[in-house]
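Enquirer: Under UniProt numbering, the first residue of the sequence shown carries the number 1, and numbering increases by one thereafter. Note that CB positions come from ideal geometry on N, CA and C, so glycine has one too. Can you keep this structure in mind? I'll have questions shortly.
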Amino acid sequence: MVLEIAQIEVKTGHEGAFEAGVGQAAELFRRAKGCRGMELQRSVEIPTRYRLMVQWETLENHTVDFRESGDFQAWRALVSEHFAAPPQVEHTVLAVQGF
């Protein structure tokens, strides 16, 4: 399992519209090859900062299958106007499960 973590800074005042767009996009992720779940977390200290976390079976499910799909274009159309800067994306794998 690969966890995609995207840190997304949104324009001030766009928080509600961005969250609504992500909610609409959930179906795009649900039907993506290898996608096992997604969630959006909002920073308490910096309310315009979000972290989108998407669970993928493989790295390629994100970087190839999803990124090269029409659903990726639809995802960006729903949310990109709210970005204050390009998202910072990284991929992680579980190193230690505490409990």
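Is Leu-59 helix, strand or coil by DSSP?
Expert: For the purposes of this step, residue 59 is taken as residue 59 along the sequence shown, with counting starting at 1. Leu-59: helix per DSSP, three-state reduction.
Enquirer: My guess is that Gln-7 and Arg-36 are in contact by the Cβ rule of under 8 Å, so how many angstroms apart are they, rounded?
Expert: Your numbering for residue 7 matches position 7 in the sequence shown. Your numbering for residue 36 matches position 36 in the sequence shown. With 8 Å as the limit, Gln-7 and Arg-36 do not qualify as a contact, their Cβ atoms being about 21 Å apart.
Enquirer: Give me the Cβ distance between Val-89 and Glu-9, rounded to the nearest whole Å; I'm assuming they're in contact under 8 Å.
Expert: As a first step, residue 89 must be located in the sequence shown, where it is residue number 89. As a first step, residue 9 must be located in the sequence shown, where it is residue number 9. The Cβ separation is near 13 Å, so there is no contact.
Enquirer: Considering only C-alpha positions, which residue in the set Phe-99, Leu-94, Lys-33, Ser-80 is nearest to Ala-17?
Expert: Mapped onto the sequence shown, residue 17 falls at position 17. Answer by Cα proximity: Ser-80.
Enquirer: Got a sec? Which residues, its chain only, sit under 6 Å from Asp-65 by beta carbon, not counting five neighbours each side?
Expert: Translated into the one-based positions of the sequence shown, residue 65 becomes position 65. Lys-33.
Enquirer: Could you work out which residue in Gly-23, Lys-11, Gln-41 is closest to Leu-78 when comparing CA atoms only?
Expert: For the purposes of this step, residue 78 is taken as residue 78 along the sequence shown, with counting starting at 1. With distances taken between Cα atoms, Leu-78 lies closest to Gly-23.
Enquirer: Which residues in the same chain have their Cβ closer than 6 Å to the Cβ of Arg-49, if we skip the five residues on either side of it in sequence?
Expert: Taking the sequence shown and counting its residues from 1, the one referred to as residue 49 is at position 49. Glu-9, Ser-43.
Enquirer: Look up Ala-85 in the DSSP assignment and say whether it is helix, strand or coil.
Expert: Looking up residue 85 in the sequence shown gives position 85. Correct three-state label for Ala-85: coil.
Enquirer: Rounded to whole angstroms, what is the Cα-Cα separation between His-14 and Glu-60?
Expert: Sequence index remark: in the sequence shown, residue 14 carries index 14 (1-based). Sequence index remark: in the sequence shown, residue 60 carries index 60 (1-based). His-14 and Glu-60: Cα-Cα distance of roughly 31 Å.
Enquirer: Should Leu-52 be labelled buried (16 or more other beta-carbon atoms within 10 Å of its own) or exposed?
Expert: For the purposes of this step, residue 52 is taken as residue 52 along the sequence shown, with counting starting at 1. By the neighbour-count rule (16 or more Cβ atoms within 10 Å), Leu-52 is buried.
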